[in-house]
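*Asks:* Got a structure for you, written out below as structure tokens; questions coming shortly.
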Amino acid sequence: MPSGTLSARLTPLFAVVTLPLGILAALFVSLPAAAAVFVVGWLLLTPASAILFGPPEPGPEWADDEVNDLVEERMKEAMDEQDSSADPVEELRERYARGEIDEVELERRLDALLEAEDVSQNNTERIERAVENLDTDTETPEDLLTDRE
Numbered sequence: 014m015p016s017g018t019l020s021a022r023l024t025p026l027f028a029v030v031t032l033p034l035g036i037l038a039a040l041f042v043s044l045p046a047a048a049a050v051f052v053v054g055w056l057l058l059t060p061a062s063a064i065l066f067g068p069p070e071p072g073p074e075w076a077d078d079e080v081n082d083l084v085e086e087r088m089k090e091a092m093d094e095q096d097s098s099a100d101p102v103e104e105l106r107e108r109y110a111r112g113e114i115d116e117v118e119l120e121r122r123l124d125a126l127l128e129a130e131d132v133s134q135n136n137t138e139r140i141e142r143a144v145e146n147l148d149t150d151t152e153t154p155e156d157l158l159t160d161r162e
């Protein structure tokens, strides 16, 4: 059974062209002629062409599914790699080991990371003190200002 591009397109072509031809036959010829067009088109030609030519060959739909699966797989791999290198100190050590940065740059960046961690820890402590102060309501705004220093 031949399965060229024309034969793969005949089944949908018969199915789609039958409706306008049937409507035109009903408008300009007669209702029995329109009924004959619908019967021949949808009940004879469409199923016969599907049986004769078989299912369509794999086309863009199947390729799209395969590509989507491949993209999802690679995205998961990339996310796993990001999770493993999420620690900035480890990333700096790896870059130093590969020779991308020198010892001075490594120390400078490690100091910057430690300072950032100290600042975030200080902010956490300030927030906790402020919450405690709100719970007790015994301190004045001046006391809160002295806590910041």
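Going by our numbering, the sequence shown opens with residue 14, and the numbers climb by one from there.
Just so it is clear, CB atoms sit at the ideal spot from N, CA and C, and this is done for glycine as well.
For clarity, every value in this text was computed on a predicted model and none was experimentally measured.
Sorted by chain position, which residues of the same chain lie with C-beta nearer than 8 Å to T102's C-beta, five sequence neighbours on each side aside?
*Replies:* At residue 102 the sequence reads Val, which differs from the Thr that was named. Only L123, L126 meet the Cβ criterion.
*Asks:* For the putative contact between L34 and V52, defined by C-beta atoms under 8 Å, what is the C-beta separation to the nearest angstrom?
*Replies:* With a Cβ gap of about 12 Å, L34 and V52 do not count as contacting.
*Asks:* State the DSSP-derived secondary structure class of D115, mapped to helix, strand or coil.
*Replies:* Note: D115 maps to coil in three-state DSSP.
*Asks:* Helix, strand or coil: how does DSSP classify G54 here?
*Replies:* G54 falls in the helix class under three-state DSSP.
*Asks:* Would you say S62 and L23 are within 8 Å of each other, going by their C-beta atoms?
*Replies:* Going by C-beta atoms, S62 is nearer than 8 Å to L23.
*Asks:* So is F41 buried or exposed if we call it buried at 16+ other beta carbons inside 10 Å?
*Replies:* By the 10 Å Cβ count, F41 comes out exposed.
*Asks:* Taking only the alpha-carbon atoms, compute the straight-line gap between N81 and P68 and give it to the nearest angstrom.
*Replies:* Their backbone Cα atoms lie some 23 Å apart in a straight line.
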